[in-house]
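Visitor: Under our numbering, the first residue of the sequence shown is numbered 1, with each subsequent residue one higher.
Heads up, the beta-carbon is just placed ideally off N, CA and C, and yes, glycines get one too.
I'd like to ask you about the structure that follows.
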Amino acid sequence: MRTNRNHHPDRLNHAPDKSDTALLLIDVINDLEFDGGEKLLTQALPIAAALSELKARAKRAGIPAIYANDNFGRWRSDFPRLVQYCLGEKIRGKPIVAQLAPDPDDYFVLKPKHSAFYQTNLDILLNYLGVSTLILTGMAADICVLFTANDAYMRDLQLIVPPDCVASERAEQNRLVLKLMQRVLKAEIKPSRKIQFNSQPKLGKGAHPPRKRAIREESGQRLGKLP
Numbered sequence: 001m002r003t004n005r006n007h008h009p010d011r012l013n014h015a016p017d018k019s020d021t022a023l024l025l026i027d028v029i030n031d032l033e034f035d036g037g038e039k040l041l042t043q044a045l046p047i048a049a050a051l052s053e054l055k056a057r058a059k060r061a062g063i064p065a066i067y068a069n070d071n072f073g074r075w076r077s078d079f080p081r082l083v084q085y086c087l088g089e090k091i092r093g094k095p096i097v098a099q100l101a102p103d104p105d106d107y108f109v110l111k112p113k114h115s116a117f118y119q120t121n122l123d124i125l126l127n128y129l130g131v132s133t134l135i136l137t138g139m140a141a142d143i144c145v146l147f148t149a150n151d152a153y154m155r156d157l158q159l160i161v162p163p164d165c166v167a168s169e170r171a172e173q174n175r176l177v178l179k180l181m182q183r184v185l186k187a188e189i190k191p192s193r194k195i196q197f198n199s200q201p202k203l204g205k206g207a208h209p210p211r212k213r214a215i216r217e218e219s220g221q222r223l224g225k226l227p
């Protein structure tokens, strides 16, 4: 029996969206300025277009997009500034960031370690939204995506991982970790084009189903307009 994750009412009506599915983009806002970054760039460039299209389809269906991003060891919560930094002319990861830059109505959480759940507000945000299915995308599939998938599985979330929307430094490692997530974490592995979205209802004020208190802290909030 699946755990009921929506057991606390949002009495103040702060949760702006309702969706049983969310798209999680892990570490796609990334300068790739580290050992192995060049190899990861080679593997990640082909997934950027597919992920961009998947996100566009999800947004049209009312599915929220959530960016879970490394804080680059700076321990600051200014995600828009991180986006602008990664769009710099000499930044290795710019070609990917340029295709996957967040929209003003997207959500974000900044993570200090590999998992998007560890010491972040992601779990609370998913509860607000009413999410029971999480689509995992991003990089690296064999590190941060895997750690996040494990934590999501432990929270009774259903997992979908499109192989054309995740990347690792080596293609073989990517293939192996997808098999691992399918076998151990019961993740559904299928191409992004085969992911079908049901349009999510837009509820008026006071019509939200039970959820937890709204997020007003630095992570888990909407982006707003980038400078």
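Can you tell me the Cα-Cα spacing of Gly122 and Glu53, whole angstroms?
Guide: Against the sequence shown, residue 122 aligns to sequence position 122. Against the sequence shown, residue 53 aligns to sequence position 53. Note that residue 122 is Leu in the sequence shown here, rather than Gly. Using only the alpha carbons, I get a separation of about 23 angstroms.
Visitor: Let me check understanding here. Comparing Cα to Cα, which of Leu82, Asp105, Val109 and Asp35 lies closest to Lys94?
Guide: If you number the sequence shown from 1, residue 94 lands on position 94. Minimum Cα distance to Lys94 is reached at Leu82.
Visitor: Using DSSP's beta-bridge definition, name the partner residues of Asp20.
Guide: In the sequence shown, counting from the first residue as 1, residue 20 sits at position 20. In the DSSP output, where bridge partners are listed per residue, Asp20 has none listed.
Visitor: According to DSSP, is Leu126 part of a helix, a strand, or is it coil?
Guide: Along the sequence shown, one-based indexing puts residue 126 at 126. If DSSP states are grouped into helix, strand and coil, Leu126 belongs with the helices.
Visitor: What does the alpha-carbon distance come out to for the pair Leu185 and Ala171?
Guide: For this step, residue 185 is matched to residue 185 along the sequence shown. For this step, residue 171 is matched to residue 171 along the sequence shown. Leu185 and Ala171: Cα-Cα distance of roughly 20 angstroms.
Visitor: What whole-angstrom Cβ distance do Ile47 and Ile135 have, given they're in contact under 8 angstroms?
Guide: Walking along the sequence shown from the start, residue 47 turns up at place 47. Walking along the sequence shown from the start, residue 135 turns up at place 135. No, Ile47 and Ile135 are not in contact; Cβ-Cβ is about 13 angstroms, not under 8 angstroms.
Visitor: Taking C-alpha atoms, which residue in Leu45, Ile26, Asn69 and Pro162 lies nearest to Leu110?
Guide: Position 110 of the sequence shown, counting from 1, holds the residue named residue 110. Ranking Leu45, Ile26, Asn69 and Pro162 by Cα distance to Leu110 puts Asn69 first.
Visitor: Counting C-beta neighbours from all protein chains within 10 Å, is the total for Thr137 16 or more, i.e. buried, or is it exposed?
Guide: In the sequence shown, residue 137 corresponds to position 137, counting from 1. With 16 or more other Cβ atoms within 10 Å, it is buried.
Visitor: Leaving out five residues before and five after Asp20 in sequence, what residues of the same chain have Cβ atoms less than 8 angstroms from its Cβ?
Guide: Position 20 of the sequence shown, counted from the first residue, corresponds to residue 20. For Asp20, where only same-chain residues beyond five positions count, the Cβ hits under 8 angstroms are Gly130, Val131, Ser132, Thr133 and Gln200.
Visitor: Please tell me whether Leu159 and Leu180 are closer than 9 angstroms, where the distance is taken between their beta carbons.
Guide: The residue labelled residue 159 in the question sits at position 159 within the sequence shown. The residue labelled residue 180 in the question sits at position 180 within the sequence shown. Cβ atoms of Leu159 and Leu180: not closer than 9 angstroms.
Visitor: Counting only the same chain and skipping the five closest in sequence on each side, list residues whose C-beta sits under 8 angstroms from that of Leu40.
Guide: Start at 1 with the first residue of the sequence shown, and residue 40 comes out as number 40. Correct list, in chain order: Leu32, Met139, Ala140, Ala167, Ser168 and Glu169.
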